[in-house]
Structures are given as structure tokens and as C-alpha cells.
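**Q**
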Amino acid sequence: MSHPNYPPQGYPPQQGYPPQQGYPPQQGYPPQQGYPPQQGYPPQQGYPPQQGYPPQQGYPPQQGYPPQQGYPPQGYPPQQGYPQQPVVGIPLAGYVDGYYYGGISHDARHDAEILRKAMKGIGTNESDLIKVLANRCWAEREQIKREFSAKYSKDLIHEVKSEVSGNFEKCLVALLTEPCAYDVELLHNAMQGAGTNENCLIEILVTRSNAQKEAIKRLYHSKHGKSLKNRMESEASGDFKRFLEHIIEPRDENPAVNPGLVATDAEVLYKAGEGKIGTDEKTFIKILCERSLPHIAAVSHEYVKHHKKHTLIKAIDSEFSGSIKTALLAIVNYALNPFGYFADILKNSTKGAGTNDNKLIRTIVTQMHNMPQIKVAYSNLFKNSLTHDISNDTSGDYKKLLLDICN
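full-length UniProt numbering puts the first residue of the sequence shown at 1, with every later residue one more than the last.
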């Protein structure tokens, strides 16, 4: 399913952070006017102008990682006319960052006492667990864990697991797990047992920054004694294996867009797909996994301008099938509309018979700091609220927890 055109300056800044100064304008970025909407989703209304995506303040430093110098795309000529700029601490404008730690604004010791009281003795006060853990950022939850351990000589996650069960337990434990460690756990579990959860691999790896992917790879190797890349290669084959090999590597994170290169890539993709008999899958994978997200959004606009059959999304839909189609569509949809991309994942987790609770939990927990924007995108795309759909598909304390996180 496609998403509306990605608005380069359409998202509000995240509250509590100053606007980012000095962000270079995207010269030559194709204007939104004049492009037919991507089929399936109406354009998003109501986003105030963005004043610059906030810098990644409040993130604990990742020790031992070399600074990223922009990661030029592999195998492509450089984008002439634009200076190579460092991207450390500067996420791409309008794109959703995977890890948010926040700052301390609550009394962690008092919160630890509330949680201890909620789990002490016979029975559990689930409302207090929800009230505290659903309404704290990761930095605060980490501090609560430390205070709990220091004061009661007990591990908070272990105590939670001993008191609650089911999806309620799964969601609380996810909230208490460090974001990078949670990604590593999700990726590992996606490849455990019979079969592979390709959607989980796609949703995480497509939406994580270069620094985050590097942290994931190092932690995965440390915890499991094997590289993530090798593990994924052993679980996949064909074009999807090739996609995984490319997406785990750094992509270009230069926010500037080169109009000439955009036009070239649009033509190359046309000739690799609709413009020939058969499909050159390697070209699609290489461009979509290595180019910057603003560049891919611009290519999508350029493609529909010059190749009259239909959009790049429609081209991928007709030229590919299976997991590789899902993966390539995820990249383009995320580039065009990051909040809409997550809204679509949430919709898919609740629609139809039954609920995909694993998908619902991982998306809400990893993107809880972006819920205001995702909820707006959800309402615009599906004409009803995210909280309405969650209320209809879940129940009990699990439902209360999810709704508290979303609100």
C-alpha cells in the first residue's frame, strides 16, 4: 500500500528540543505541486511547517564508534556541487529516529517505590505499573531500574515477569529494555525457529540510521557470538538475501539532493524495470538501499513526472513479488512519509481477523516518542483514530497500557 508524497518540511519538531540551526536547504528538491498523489492514501493535512528536525540530544554516547562522515553511496559517483557534511547528531529532516532516550523529569526513586508497592504481597496493582512505565521516557525508566535494584536488591524486569503475563508482560518488558538491545532481541527472535519473520527484519533495518545499525551490529555480535549479517545471510536467499546484505550497510545520509542524479536514477530504475522485458533486481536494490532517503523521495517524484505508466511504487508492485517487494516498497514509503509508514504498520497489525500483537507492541514501544505525529498520520490515512482501533482489538490491562503509551 502506498503513502502520500513525502513533505520535506511537513512535520512539527519534537517537543522539548530546540530547532536545529544551520541545516542546509535541499536545493533543487522537486516541489510537491503538480504530482499526482500516490494511489491509496490521501495527502496528509494539518502539519504545521517544520522548523528543522531536532538534534539528537539526550542520547547516551555510543562508545567506540568512529564519527560518520556522511557515507557516500557505494558504487555511485559523488553528488557534485554539494559539500560532504558530517552527520553525527544530525538526523535527516523529517525522518523518524529510531532511538529516543529523553531526559529525567520525574523522581526515579519515588517511581521505584510505587512499582515495588504495586508488586509487593498478594496480587498486583496493574494500574500503578501502567501509570509509571507508560508515562516515562527511556532515560527515566533506566533510572527507575537502577533505583529499584539499589533500594530492593531486585531486578525490576524479573519482578515484572513474575507478577504479570501475556501481552501485558511483553509490552512492559519491552518498555524496560534499552532500545538498541530491544532491536537486537527483535532481530534475533525474528530468525529463531522454523521460518523467518521477514517483516520484522524489514521494519527495523529500513528505519534505523547508520549509527543505530552500527550499534545493533556490534551488540548483536557481542550477545550472540556471530555477526548479524552472517546470521541473516543464513536465513535468506535470492533477492531478499541481497537486500539484507545491502540494507545492513550504511546508506548515504547527506541531506542535500542533487537534481541531476535524481533524474539519472529515475531513468535507471525505469530501464531496470518497466522499460525492459524482465527486471534488473540488483539495480533496484542497490539504489534504494544506498541512496539517501530525501534522494529516494525525490526520485519517486521524478519517476512519475517522466514515466507515464505509473508511480515508482506501482512499478515496484508490478515488477516484484514476495519479501523483496515488501522490502523495496517499505524503503520508498518510508522515504515519502515516515510517520505514515509507521501508521500503516499499526493499521496492518489490527485489521482483519485477530491482532498481530508482536508487531503492535514493537511499533508502539519503539516509536512512542513519535506517537503524536503518527496518530495524526493514522487519522488522515484511515479516517479513524489509532486509539479507536487499539480499543477494538485489545482488552484488559494490555489495552490500558497501549492506550496510555499512545496518549
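Ideal placement from N, C-alpha and C gives every residue a C-beta, glycine not left out.
Taking the beta carbon of residue 273 as the centre, do at least 16 other beta carbons fall within 10 Å, making it buried, or is it exposed?
**A** buried
**Q** Figure out for me which residue from 326, 296, 131 has the closest Cα to the Cα of residue 337.
**A** With distances taken between Cα atoms, residue 337 lies closest to 296.
**Q** For residue 193, I'd like the list of residues in its chain whose CB is within less than 8 Å of its CB, leaving aside the five on either flank, ordered along the chain.
**A** none
**Q** Just reading off the alpha helix (DSSP H) that residue 405 is part of, what are its end residues?
**A** 396 to 406
**Q** Mind checking which residues open and close the alpha helix (DSSP H) that includes residue 281?
**A** 281 to 290
**Q** Could you work out which residue in 199, 139, 172, 182 is closest to residue 322 when comparing CA atoms only?
**A** 199
**Q** Quick check: what's the CA-CA separation for residue 227 versus residue 395?
**A** 39 Å
**Q** Measure from the alpha carbon of residue 360 to the alpha carbon of each residue in 244, 289, 162, 389, then state which is nearest.
**A** 389
**Q** Return helix, strand or coil for residue 119, following the three-state DSSP convention.
**A** Helix at residue 119.
**Q** Count the other C-beta atoms from every protein chain shown that fall within 10 angstroms of the C-beta of residue 150, then say buried if there are 16 or more, exposed otherwise.
**A** exposed
**Q** Kindly say whether residue 328, judged by its beta-carbon, lies nearer than 8 Å to any beta-carbon of chain D.
**A** Looking for chain D here will not work: only one protein chain is present.
**Q** Give the straight-line distance between the Cα atoms of residue 386 and residue 402, rounded to the nearest whole angstrom.
**A** Going by the C-alpha atoms only, they are around 11 Å apart.
**Q** Between which two residues does the alpha helix (DSSP H) containing residue 200 stretch?
**A** 198 to 207
**Q** Extract the residue ranges of the alpha helix (DSSP H) inside the segment 149 to 227, only unbroken runs of 4 or more that lie entirely within it.
**A** Entirely contained in the segment 149 to 227, the alpha helix (DSSP H) runs reaching 4 residues are, in chain order, 156 to 163, 166 to 175, 179 to 190, 198 to 207, 210 to 224.
**Q** Excluding the 5 residues preceding and the 5 following residue 407 in the sequence, name in chain order all residues of the same chain whose CB lies nearer than 6 Å to its CB.
**A** Spatial neighbours of residue 407 in its own chain (CB-CB distance under 6 Å, excluding positions within 5 residues in sequence) are not present.
**Q** Quick one, are the C-beta atoms of residue 119 and residue 159 less than 8 Å apart?
**A** yes
**Q** Using CA atoms only, rank isn't needed, just tell me which of 289, 349, 207 is closest to residue 415.
**A** There is no way to answer for residue 415, as the model of the chain reaches only from 1 to 407.
**Q** CA-CA distance, residue 345 and residue 305?
**A** 28 Å
**Q** Let me make sure I understand the geometry here. Which of 319, 287, 116 has the alpha-carbon closest to that of residue 147?
**A** It is 116.
**Q** Return the first residue and the last residue of the alpha helix (DSSP H) that residue 379 is part of.
**A** 371 to 382
**Q** Tell me the rounded alpha-carbon separation between residue 231 and residue 244.
**A** 10 Å
**Q** Would a C-beta distance cut-off of 8 Å place residue 253 and residue 279 closer than the cut-off?
**A** No, these two residues do not count as a Cβ contact at 8 Å.
**Q** When the Cα atoms are used, what is the spatial distance from residue 355 to residue 113?
**A** 34 Å
**Q** Is residue 359 helix, strand or coil by DSSP?
**A** helix
**Q** Going by DSSP, what residue range makes up the alpha helix (DSSP H) through residue 124?
**A** It is not in any alpha helix (DSSP H) - residue 124 carries neither H nor E in the DSSP assignment.
**Q** Residue 324 lies in the alpha helix (DSSP H); which residues open and close that run?
**A** 322 to 336
**Q** Since residue 448 is in the alpha helix (DSSP H), which residue starts that stretch and which ends it?
**A** In the structure as shown, the chain begins at 1 and stops at 407. Residue 448 is therefore absent and cannot be evaluated.
**Q** Return the residue from the list 357, 197, 134 that minimises the CA-CA distance to residue 393.
**A** The option with the nearest alpha carbon to residue 393 is 357.
**Q** Rounded to a whole number of angstroms, what is the C-alpha to C-alpha distance between residue 100 and residue 242?
**A** So the alpha carbons of these two residues sit roughly 30 Å apart.
**Q** Pick helix, strand or coil for residue 441, following the three-state DSSP scheme.
**A** No information on residue 441 is available, as it lies outside the stretch 1 to 407 that the chain covers here.
**Q** Hey, residue 343 and residue 378 are a contact pair by Cβ (cut 8 Å); roughly how many whole angstroms apart?
**A** 4 Å
**Q** Provide the residue span of the alpha helix (DSSP H) that contains residue 392, from first to last.
**A** Counting along the chain, the alpha helix (DSSP H) containing residue 392 begins and ends at 386 to 393.
**Q** So, at 7 Å on beta carbons, what are the nonlocal neighbours of residue 302 in its own chain, with the 5 sequence-adjacent residues on each side left out?
**A** 30, 262, 263, 266
**Q** Which term fits residue 412, buried or exposed, when burial requires 16 or more other beta carbons within 10 angstroms of its beta carbon?
**A** The question about residue 412 has no answer here: the residues shown for the chain are numbered 1 through 407.
**Q** What residues in its chain sit with their C-beta under 6 Å from that of residue 125, if we drop five residues either side in the sequence?
**A** 118
**Q** Report yes if the C-beta of residue 267 is less than 7 Å from at least one heavy atom of the ligand HEM; otherwise report no.
**A** Questions concerning the ligand HEM fall outside what the structure shown contains, since it holds no ligand whatsoever.
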